[in-house]
Each structure stands twice: as C-alpha cells, then as structure tokens.
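Protein chains in written order, with my numbering: chain B, 14 to 445; chain A, 1467 to 1916. Quick reminder that beta carbons are idealized off the backbone N, C-alpha and C, glycines included. Below is one structure, written out as structure tokens, with a few remarks after it.
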C-alpha cells in the first residue's frame, strides 16, 4: 500500500496573501474583500511577508531544504470560485523541498515540496443556484506534498498526528481548514481522493478506500486509475465526474511578482512536542505518552511544566496539569498552582469546590479531620445505613465505599479515612 | 520650445476655458475617435488625458473592449493618484486605443482612431487616442501605455513626443494588463520638457506594484549614436533616406554615429509576441462575464458554456491572442516557445546593455508612413506585427525610449526613436530637449490656445 498526501493548510496571518483584507472568519459573506482579492482589472498583488515567515517556518519544522529565492507562477483554469481564472501558486521555485517527518516507530515520511498559494473563493451550493463568498479568496495557504511513503492506516494516523502537533506549536490549527488530496494505491494504479476536508474525514476516507481496494483485489479486480471524492454524510468515497487526464494548467511565471530573496526572513522559533515529551520523560523518569498527551495540543500545559518542573515534584506537577485540563482552567496563577500541588501532595481529592477555592486563593475547606472528627463522621454514616455492617462481614471491600462517601463529605485525606473506616467497621462487627 | 505646462500655468485662463475646450472636443471626437469618454474638467489644471486601460476612480475604464463595458474602477491607478495629488492637472477624458493594447494602428476597436493630420490614415496604436489628443491640444499631456511600441508608434504617426520609461520606473498599479512583464506607463506631450515634468511626478517605488523600483534614474547625455543595420534594412526606402539626412544633421551638431550588426535583433519580434501573447491570454482569462464589465444574465447554463458566451465579446485580435497565448503556454510546446523567448529576452538585454553603456540607439520610429485605414485593415497579422520591428527591441528589453518628429513630408511627420540604457530615462529626454533647440515642431491643431 502506498499513500501520498497533498495537504493544504491555511496560514494564520492577519491579512490575506496579496492584499490587506482581513483573514478573520466571519459569517457575513463578501465583506473582507477588495479589488485585489476580487481580481478587478487594474489591481495587482502585493506579497504579505508574514505568510513567507510562516511558510518558511513550516518548511523548517518539516526539515525541508529552504530556497533563498522564491518565485510564483500562474496556474490557469476556469472555475467560478477563481476570480482571476488563474491561481497564484508556486512550482519549481517553491519555498521548501526534500523534507522529512519521522513518525511512530522511527518511520520516515519524505516531504516532496512545500509551496505557498492563494485560496479561491468559497462556493455555497444549493439545488437551484450557487453563491460565491470571496471572504476566503486570497487567504494564504501552504501546500505540503508528501512522497507516497505512508504504507498503513496506522502510519497515516501517526503522520497526521505528528504534523498536526508540530503545526500546532507554530500557531496553526489544521483542523480549522485542512483540505487534502489523498493518493492511495493498493494495486498498481493510483486512486486520488480529492478535496477531503478535515483530518477526521481524511482518515475515514483512507479507511474506506483501503477497504474498497482490498475488496476489489480479493475478487481479482485491479483498481483503476481514477479521481474520487469523499462524501461526508455517507462516509464513502465516490467516483468523480471529473475526467481522468493530466490537466493542462498552462503555467507561466507570475509577471506581477518579482523573484523574492527570502534568505533574511526569520523563522519562527517553535517546539517539537514529540521531542519535548521524550526529553521530559527521560529527565523525570515519567511515561512519555502521558506527557505527549498533555502537551501535544496544549501550549499552556507545556508552559506550566517548563516554568515549574524544577520547582515541584514532577509527578505531582503532571497530576496538577491533568486536573487543570480536567477542570478546564484557562489560567492558573503561581499561588493557585502552589495550593493545588499542596492538595495533591496532601493526598486530598480534587473537586469543583477545591478548584474554586484555589482560584480565589481561599483556604480549601477540609472537614475536621482530627481523629475524633473523622471517627464521628464514620460512625454517624454507619448508623444511618445500618445494613452496612451486615454486608461488610461478607464483603470487606465495602470499606472502600464507606471511606469514599466520607472523603466526599469531609474532604479528608483518603488514606487516613480508609484506615479509620476499616478499624471502626472491624471493631463494630467484632472482626480483626 | 520649453514647457507647455509652465506656460499654461503662467497664463490667465478665460473663465469659460474648460467649457470651450470640452465643447470643441465633443464636436471633433465623432470624426477622429480620440476619446472613449470626455469629461468636463472642473479644476484649474493643465488638461490631462488618460489612456482607457488606466483606472481613474469612478470613471468607466474599458480598454476599448466590449467585455469591459460598464466597468467602473473603485480606485485610481497609482500614476493617476500621483498626478492628481499635485493639483496641477484636470482630467479631460479617457483615450481610445486598440482593444487591450492589441494593435499598432488604433483600429482594433469599435471606433477606429483617425490621424488628425490625414483622416484617411491611421493614428497609430495602441495609444491612438493619446497621440490624437496631444496633436489636437496646445496645452495637454497624455498618460499612455506601451507594451511593444504603443507609445512610440502613435506618437510617431501623429507627430508628437512619446516617452516610454524603463520598465519598473512607473508603477503599473491600476493598469488593465496586456502583458505584465512588458507593460510600461509613459507619456505623450508636445515637448520633452513636459515629459520630464511628468516623469518627475510619477516615478518611483509603489508598494501596490511589487515590480516597481526606486532605482536612481540618471540623465547621461551621450554624444555617441548607434545604428543597428539589421533594423535600418527593414525601413521603407523613402523613410531611410530622410532618416540619414537627419543623422547628418546630428553629426553637424556634434554627435558621432556608429553602425553595428546585431543578428539576434531579428528574434525580438517572435520573442516579444510569444511572451506578450502567453501573458495576455492569462490576463484575459478573468473576463468571464459576471463580476464586472459586461455581464450575462442567463445563469441557467453550466460555467463553461456561460463564460464561453461572455467571451464572444472579445474582438478578433483579442480572440487570436487568447488562442495563440493558450497554445504557447501548453505543456507540449512551452519549452519550445515561451521558455526560449524568455532566454532570448535576457540575451538581448545583455547585448543591448553593452551597446548602450556609452551611447544611444537611434532609428526611425516606424518603418512605414502611417498607412490608410483601408490598407491597414487588409494587412495580415504577420505583416501587421512586422511593423513593430523598430519599437519592439527597447520594449522587449524594458529600456527607456522616446519618439519625436525630426521632419515632415506631405504634411505627415517623420519621427525618430532614441533608446537609452536601463534607468537612463532623463538621458533620452534630454537628447530630445537638445534637438528641440534646433527644430520647430509643426502642429496642425492648437485647440485651447490662449
């Protein structure tokens, strides 16, 4: 099996690739538009340098060779969403080439090319007519083209995860507007599934296509070279009406844009979360998977770890981060974090009330967990539920349940409560 | 003559000056087809005309194409912006041209332009209207545009000064593209000094046109003139002999003249037309009949049928260039034609740069006298393209050049063209300034005289 991908990623620049229009996603159609992104006669493109910096940074994290000089071409085709009837894109002089991503189990996925291009407008189709929204026209995209090095569904999943996690740390959320063409061949001929939107659909399209081609081959039928599309609702790929032919785009150099020397353009500093997780795991003898899970798409979690790993016990810190995620705390200050760690290290159960106290810097209320207080609590509970004693004789595990209830009510330390619960139950039932 | 602009500004204008000017042009225009739109100027500046492929905010810009009928640009071209900012000019109209700039005679459009010096003859193209307006009006400058000779040719046929700058010196923002790597906005006027004023105002880097530059423009006034034999050979016998008389005069004025051979110059026509058509066919792709200009109202067809119907609005020459340009770009022949042409252009730039290091190139501007409109109509495309042989080399190479009349024959001007090295724009202008000291231009019309 061979899988290759062409992935389009929208760059999070403030303005569009060739004009000053905002890239903000808005519901009202056709408000972030101007003569340039509408392709009005007389208008000309001016390159947004922020897009170059981001594209160069992407090329960098994908270990690409980066060209010092880049140029653009016109890719000519007629489609209603393309205002100039040509797309400004890159061909031979694309920004990055010959890159590499290492995914799970050390498998190498080669990157053929990374190029900058403009997004067309959005077509909103209905039965009777189609509408055009040019807010999207001219949004900067980067197209990442892989070699057909992916050989299983697992590798595809791992590749997408790795790519996503790395792009995340460049500030790019590819779930927002990822569009991909999936080339997948189990037989001799290549099948291309075009314009799959979103990573979830991409994985499902691949899964479906693997099944479909496997089934064909098992019946002795060779899958034919064709272009297919993915139907989100039916979760199937379908043969496209598009003719399978080498398309003729009549490329020429974009004569409105000069060759750009980008040698001195900066590259955004970034983190490889996978490497980072490995590093932290080694340093603190911790499970790398758990660290990666915590930080893969959470820069805030990583920031907390990096700020505090020397200050606190790493195990407790990781637990604190899990709690912060669990309770969806956006921002925790130093004092609150310290209080949270004290609760964790004190062995206390963390709940909503604990968190709300911590955030407000109020002392966390634990019940009177003097020996006497806890003992009274346990006795009171048993008296209210008298059959506990009878059942305890048969099933010692009931102590856990009782202790749990007491912990919930009194916010006492779980270990201590359990110890006393067992002692009291034993003495009340005359057991040892 | 020095500057008409300065002379105009120093004079007291009659109260109804602009109204009378406007009325006179309204009266003449149906006969000559100089303007696509006439505008009643409301300011006190020197009359300024703008070629119809250059955007003026709020005023229809059609580039003389039916497919752009109704296109009202919501912005000013940078060149217009810079000129208007001085508050010294009043726009009087948008000038006629060959559709999108596709032509050398001004007849590839709905209303063929006529030469005011002999109305049976062509005015030259593609900036036909700009040249006619300059020939008609005493105080006036024209913003024109040249891709392969569209300023020199009509300026030569109408007997005015036509200047095309080094590529990149004047921003192209707001120009409706013909072939972007060749298009240059320039000027026509009745004196070299007026051209200099316009260049001063409009030159320089513009953030809206990334190909524009801030390179220093120089004014090297070389005393050495170079004639390329391969070019002179293609000039009509009668023009050639008059031209050599002119060259003798220049020698008497202290210029030295050197003849050289440059075989590669013959490749300039095919290289130019291949690049120009390849680019033009991409620029014309955007006209699909629903966003601006000509609009189709029947949306029941599929998109291919829809835009094909809209593109019926293109004139014959535009269609020819779309078809040829699309072919030139196609994968199977691209290397053979387009890529090779790019190499030839580079070679020619290198060759000419060496020649022009300490010299100007000089030649007649056009190899023929302005043909009758009927004669021009019966020319084949190849014969037609061949008349650009003298104007194409500087245009293909992006070099500054200026056309000006040096003599007259039966009331028609004989014009010469001076080409300078890259960024020696002031050099070619000062050559003509010097010439004007010894020569008086003849103008048949002096509309707006004060």
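With the criterion set as a beta carbon lying under 9 angstroms from some beta carbon of chain B, the members of the segment 1745-1771 of chain A are 1745, 1747, 1748, 1749, 1750, 1751, 1752, 1753, 1754, 1756, 1757, 1758, 1759, 1765, 1769, 1770, in sequence order.
In terms of Cβ geometry, residue 1832 of chain A and residue 1619 of chain A form a close pair [threshold 7 angstroms]. In this model, residue 206 of chain B and residue 1674 of chain A are separated by some 39 angstroms (Cα to Cα).
In this structure, the beta-carbon distance from residue 1553 of chain A to residue 1611 of chain A does not fall below 7 angstroms. If you look at residue 1555 of chain A, you'll find it in the beta strand (DSSP E) that goes 1555-1561. If you keep only unbroken alpha helix (DSSP H) runs of at least 4 residues inside the segment 1771-1854 of chain A, you get 1782-1795, 1806-1821, 1839-1843, 1847-1852.
In this structure, residue 1521 of chain A sits away from residue 1529 of chain A, with a CB-CB distance that is not shorter than 7 angstroms. Any Cβ of chain A closer than 7 angstroms to the Cβ of residue 261 of chain B would place that residue at the interface, and such an atom is present. Residue 1623 of chain A: member of the alpha helix (DSSP H) spanning 1618-1624, first to last residue.
Take the alpha-carbon of residue 1648 of chain A and the one of residue 1793 of chain A: they are about 20 angstroms apart.
Between the segment 1764-1780 of chain A and the segment 1595-1609 of chain A, the count of C-beta pairs closer than 8 angstroms stays below three; the two stretches do not touch. For residue 1814 of chain A, the CB contacts under 8 angstroms within the same chain, skipping 5 residues up- and downstream, are 1730, 1731, 1733, 1734, 1737, 1859, 1862, 1863 in chain order. The segment 270-277 of chain B and the segment 78-89 of chain B touch, with no fewer than 3 CB-CB distances between them shorter than 8 angstroms. Within the segment 93-107 of chain B, 93, 96, 97, 98, 99 place their CB atoms closer than 8 angstroms to a CB of chain A, listed in sequence order.
Contact note: residue 1640 of chain A reaches chain B through 55, using a C-beta cutoff of 7 angstroms and chain order. When rounded, the separation of the alpha-carbon atoms in residue 1711 of chain A and residue 1720 of chain A is 15 angstroms. DSSP lists B/23, B/130 as the bridge partner or partners of residue 154 of chain B. When the Cα atoms are used, residue 1898 of chain A and residue 1868 of chain A turn out to be separated by approximately 8 angstroms.
For residue 214 of chain B, the uninterrupted alpha helix (DSSP H) run begins and ends at 212-231, by DSSP.
Secondary structure at residue 1496 of chain A: helix, using DSSP grouped into helix, strand and coil. Here DSSP, grouped into helix, strand and coil, assigns residue 102 of chain B to strand. Straight through space, the alpha carbons of residue 1716 of chain A and residue 1691 of chain A are spaced by roughly 9 angstroms.
When Cβ-Cβ separations below 7 angstroms define contact, residue 244 of chain B makes no contact with chain A. No Cβ-Cβ contact shorter than 7 angstroms links residue 1913 of chain A with residue 1498 of chain A. The C-beta of residue 1530 of chain A comes no closer than 7 angstroms to any C-beta of chain B. Residue pairing by DSSP puts residue 1867 of chain A in a beta bridge opposite A/1630, A/1885. With contacts defined by Cβ atoms closer than 7 angstroms, residue 149 of chain B and residue 162 of chain B do not form a contacting pair. Less than 7 angstroms separates the beta-carbon of residue 66 of chain B from that of residue 278 of chain B.
Residue-level contact check: residue 150 of chain B does not touch chain A, since none of the beta carbons of chain A fall below 7 angstroms from its beta carbon. Selection A/1873, A/1889, A/1470 evaluated against residue 1684 of chain A yields A/1889 as nearest (Cα-Cα). Of the residues assessed, residue 413 of chain B falls on the exposed side of the cut-off, its CB having fewer than 16 other CB atoms within 10 angstroms.
Within chain A, no residue has its beta carbon less than 9 angstroms from that of residue 28 of chain B; the closest one is some 13 angstroms off. For the 7 angstroms CB-CB criterion, residue 1678 of chain A and residue 1634 of chain A form a contact. Between residue 55 of chain B and residue 1539 of chain A, the beta carbon gap of about 6 angstroms places them in contact (Cβ cut-off 8 angstroms). Check the Cα spacing between residue 1728 of chain A and each of A/1613, A/1568, A/1696: the tightest is with A/1696. Residue 48 of chain B belongs to the set of residues whose beta carbon lies under 7 angstroms from a beta carbon in chain A.
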